[in-house]
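Just below is one structure, and these are the notes that go with it.
Below, the structure written as structure tokens:
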């Protein structure tokens, strides 16, 4: 059943999903663009504890992202650069190759709180330069996580004709 969209959502009313992965990745977040009736724009509220990051260093080939820091301090890893960030900063992560790879890290002592806003492509390729992985995914017809999702590494290529009947 589809959830009814709202014109206004208060951040305090969001139910946060608290999670942890290994030693470095942890957060509490909620995505709510769809709850506002937005089909082409994703929005998430994120809280990241001190010393943690909410995602690996990555770049999108199709989607643009923007982050607005609400509270706390941290570091914005962008391409080959690192930038100190604080409340009020706006961070851009345009679509592109590894030169636009990005990651937000909480280097402060208080939680780092920010909004993530992104275009919502129906098909996307995401690269992870630190680990050499890529993600290919689709979300056609509004299906999430989508009809196709594959995480792999470029060093395992197949020939175009491999496995094709009669090839």
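Residue numbers (UniProt numbering): 1 to 167. All C-beta atoms, glycine included, are put in the ideal place defined by N, C-alpha and C.
For residue 36 and residue 5, which I take to be in contact (beta-carbon distance under 8 angstroms), what is that distance rounded to the nearest angstrom? 6 angstroms
What would DSSP say about residue 155, mapped onto helix, strand or coil? coil
Between residue 130 and residue 95, is the Cβ-Cβ spacing less than 8 angstroms? no
Contained alpha helix (DSSP H) runs [length at least 4] in the stretch 48-109, N- to C-terminal order: none
Assess contact between the stretch 51-71 and the stretch 96-112, defined as three or more Cβ pairs (one per stretch) separated by less than 8 angstroms. Is contact present? yes
Applying the criterion that 16 or more other CB atoms from any shown protein chain within 10 Å of the CB defines a buried residue, is residue 127 buried or exposed? buried
Name, in chain order, the residues that DSSP records as bridge partners for residue 117. 43 and 66
Distance between beta carbons of residue 34 and residue 16, contact taken as under 8 angstroms: Wrong, their Cβ atoms sit about 16 angstroms apart, outside the cutoff.
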